[in-house]
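Enquirer: My structure is below; once you've seen it, I'll send some questions.
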Amino acid sequence: MLNLTTAYCRAFNLLKSWAKFSKLLSMPTSQVVTFKNNPDLALKTYHEVGYHIEPAVLSDQECSEILAAAENLPTYHDHSLKPVMHPHRLEPRFLQALKHPMIVSILEQLVKGKISAIQSQFFFGRPGTPGFTLHQDNFYVQSSQDGFASAWCALTDVDASNGGLIVYPGTHLLPILPMRPVEQPDNFGQDPNANYQESILPAGYTGIDTVVPKGGVVFLHGHVVHNSHKNTSGDRFRQALLLTYIRQGETFRPGYAAQRAEVDVYN
Ligand SMILES: O=C(O)CCC(=O)C(=O)O
7 MLNLTTAYCR AFNLLKSWAK FSKLLSMPTS QVVTFKNNPD LALKTYHEVG YHIEPAVLSD
67 QECSEILAAA ENLPTYHDHS LKPVMHPHRL EPRFLQALKH PMIVSILEQL VKGKISAIQS
127 QFFFGRPGTP GFTLHQDNFY VQSSQDGFAS AWCALTDVDA SNGGLIVYPG THLLPILPMR
187 PVEQPDNFGQ DPNANYQESI LPAGYTGIDT VVPKGGVVFL HGHVVHNSHK NTSGDRFRQA
247 LLLTYIRQGE TFRPGYAAQR AEVDVYN
């Protein structure tokens with residue numbers, strides 16, 4: 007027979023779940039906080055958690071144009087479909103993406119000032135591509151903690167099964183973490199620097215899977231720890247474009263392989 011305390015706990019939990027469920031049911035979709043509908047709250051939340059997902063930054067037309075331009079990139083032609091560093095130096099459509107007015111405007115708010123672009127990278131993300139290991143972008147870029155951020159643009163619908171990003175809220179407040187070597191999986195379709203080492207994450211942080219509809223952008227603080235899933239979908243490419251920015255005047259490491267250089271996003 008149920009004792010009184012167990013019965014009480016069950017009833018209480020049932021009520022709690024119902025309250026949560028009915029709240030979800032009555033929540034209008036416009037309550038998803040974006041820079042379009044509530045810039046102050048979007049900015050506040052970004053500073054609290056270290057990332058922000060803005061839906062519908064790129065239109066279907068813009069995604070199609072960028073994907074069409076990707077067919078002119080060298081690794082499309084050699085069929086390796088490896089990520090391409092700085093496609094904006096090869097194809098004008100990527101330079102246009104680097105200067106996208108909504109991306110530039112959000113970045114200016116995130117880093118509090120005028121910005122310069124310093125890097126772009128295009129990912130074909132074909133099925134089977136392994137993910138990135140845990141890292142903070144500023145480990146590589148060595149810019150200031152609050153003056154460096156990136157815009158990771160989904161050019162197709164992205165979730166865990168086709169290589170979605172995983173972000174660790176709150177880690178943007180940490181200093182640059184030490185890295186340790188890891189056994190590298192095969193590098194099928196991936197950047198050779200993506201997964202040979204990983205950040206040593208202190209206890210207490212939990213990863214969140216991001217689900218990003220086509221045209222959405224994940225804005226990433228330079229110190230937020232993130233990684234990505236292997237594309238295990240079997241048939242869904244995960245095309246994405248990473249665009250990286252600093253607040254004007256901040257220093258950064260050009261990088262031996264990356265060869266980063268400032269790009270004026272206003273002209
Ligand atoms: O696109 C991915 O899978 C991860 C990219 C990334 O984290 C990076 O380039 O810093």
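Be aware that the sequence shown starts at 7, since it is given in our numbering, and climbs by one per residue. Backbone N, C-alpha and C define an ideal beta-carbon position, used for all residues, glycine too.
Report yes if the C-beta of G222 is less than 7 Å from at least one heavy atom of ligand 1; otherwise report no.
Expert: Result no, Cβ not under 7 Å from ligand 1.
Enquirer: Based on Cα-Cα distance, which residue from L140, Q203 and A155 lies nearest to E256?
Expert: The option with the nearest alpha carbon to E256 is A155.
Enquirer: L101 to Q148, Cα distance in whole Å?
Expert: Each residue's alpha carbon lies about 23 Å from the other.
Enquirer: To the nearest angstrom, report how far apart Q115 and Y202 are at their CA atoms.
Expert: Distance between the alpha carbons of Q115 and Y202 is about 33 Å.
Enquirer: Determine which residues share a DSSP beta bridge with Q115 and list them.
Expert: The partner list for Q115 (beta bridge, DSSP) is empty, contrary to what the question assumes.
Enquirer: Below 8 Å between beta carbons: does that hold for S342 and Y251?
Expert: Coverage of the chain is limited to positions 7 through 273, which leaves residue 342 absent and any answer about it impossible.
Enquirer: Under DSSP, the alpha helix (DSSP H) around R253 begins and ends at which residues?
Expert: First-last for R253: A246 to R253, but that is the beta strand (DSSP E), not the alpha helix (DSSP H).
Enquirer: Give, in chain order, every unbroken run of the beta strand (DSSP E) that is at least 3 residues long and sits entirely within the region 181-245.
Expert: Entirely contained in the region 181-245, the beta strand (DSSP E) runs reaching 3 residues are, in chain order, 185-187, 203-205, 223-227 and 232-234.
Enquirer: Mark G137 as exposed unless 16 or more other C-beta atoms lie within 10 angstroms of its C-beta, in which case mark it buried.
Expert: Flag for G137 reads buried.
Enquirer: Rounded to whole angstroms, what is the Cα-Cα separation between R253 and V271?
Expert: Those two C-alpha atoms are separated by around 12 Å.
Enquirer: Taking 7 Å as the cut-off, does the CB of L113 come closer than this to any heavy atom belonging to ligand 1?
Expert: Outside the cutoff, so no.
Enquirer: At a cut-off of 7 Å, is S234 close to ligand 1 when judged by its beta-carbon and the heavy atoms of the ligand?
Expert: True, at least one ligand heavy atom lies under 7 Å from that Cβ.
Enquirer: In three-state DSSP terms, what is A155?
Expert: Reduced to three states, the DSSP call for A155 is strand.
Enquirer: Check whether the Cβ of L179 sits closer than 7 Å to any heavy atom of ligand 1, and report yes or no.
Expert: Not so, every heavy atom of ligand 1 lies at least 7 Å from the Cβ.
Enquirer: Can you find at least 3 beta carbon pairs, one from the region 204-217 and one from the region 163-178, that sit closer than 8 Å?
Expert: Judged by Cβ distances under 8 Å, the region 204-217 makes contact with the region 163-178, as three or more pairs qualify.
Enquirer: Answer with yes or no whether the minimum CB distance from Q102 to chain D is below 8 Å.
Expert: This model lacks chain D altogether; it includes just one protein chain.
Enquirer: First and last residue of the alpha helix (DSSP H) that includes Q102?
Expert: It spans P98 to L104 - the alpha helix (DSSP H) in which Q102 sits, taken as one unbroken run.
Enquirer: With a Cβ-Cβ cutoff of 8 Å, do G222 and E54 count as a contact?
Expert: Going by C-beta atoms, G222 is not nearer than 8 Å to E54.
Enquirer: Verify the contact flag: G137, CB atom, against every heavy atom of ligand 1, threshold strictly below 7 Å.
Expert: True, at least one ligand heavy atom lies under 7 Å from that Cβ.
Enquirer: Could you tell me whether the Cβ atoms of S70 and L104 are closer together than 8 Å?
Expert: No. Outside cutoff.
Enquirer: Tell me the rounded alpha-carbon separation between T238 and I172.
Expert: Straight-line Cα distance between these residues: approximately 15 Å.
Enquirer: Using only the alpha-carbon positions, how far apart do Y82 and E68 sit?
Expert: Each residue's alpha carbon lies about 19 Å from the other.
Enquirer: Helix, strand or coil, according to DSSP, for L171 in the structure here?
Expert: It is a strand residue.
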